[in-house]
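> Quick one: structure below, then a few questions.
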Amino acid sequence: MSKTLKTIKRLAAKILDAGESRIRILDQKKAMDALTGDDVRGLIKEGVIVLVPKKGVGRSKAADKAARKRSGRRRGTGSRRGSANLSKQMWMRKIRALRRVLKQAKPTLVKGAYGRVYERIKGNAFRDKKHLREYLREKKLVK
0 MSKTLKTIKR LAAKILDAGE SRIRILDQKK AMDALTGDDV RGLIKEGVIV
50 LVPKKGVGRS KAADKAARKR SGRRRGTGSR RGSANLSKQM WMRKIRALRR
100 VLKQAKPTLV KGAYGRVYER IKGNAFRDKK HLREYLREKK LVK
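First residue of the sequence shown? That's 0 in numbering that gives the first Met the number 0, and the numbers climb one at a time after it.
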């Protein structure tokens, strides 16, 4: 491709607001005669210079994948994103376990202790079930 043809292609790309790779020159002899931007516009009108349409990315694979997900596929442990030990999940697991222990101990607790300990559990005062049981014994909250 000669220097002038490159220039014409660049001009056409600017006029058509597209990349140079999308510009096709069908008749090189006619294109070589063009000197100005107006000449290039004329060639575009004539159909000597054409713009190749964009390819785009098809959605068919995405649609297939979505359909499989809807039918319950692709949802196994290996397909899940994110941490295996999500902080909120871990918190919920711990709090529920501690509240379960407290609920079981409720009949044996001193009056008013249940509510106070419940709030302490919510406030993250206990590491685990063992720690909670030790606290109940230490503070003599068990009858």
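Note that the Cβ used here is the ideal one computed from N, Cα and C, for glycine as well. Source: prediction; values computed, not measured.
#1: Report the residue ranges of all alpha helix (DSSP H) runs contained in full by the stretch 20 to 78; include only those spanning at least 4 residues, in chain order.
#2: Looking at the structure shown, is L108 part of a helix, part of a strand, or coil, going by DSSP?
#3: Pull the bridge partners of V141 from the DSSP assignment, please.
#4: Can you tell which of R98, G77 and D38 has the C-alpha that lies nearest to the C-alpha of R132?
#5: Could you pull out every residue in the same chain whose Cβ sits closer than 6 Å to the Cβ of I22, ignoring the five residues on either side in sequence?
#6: If you draw a straight line from the C-alpha of T76 to the C-alpha of S82, how long is it?
Looking at the atomic coordinates:
#1: 27 to 32, 36 to 45 and 59 to 69
#2: strand
#3: L108
#4: R98
#5: K8, A11 and A12
#6: 11 Å
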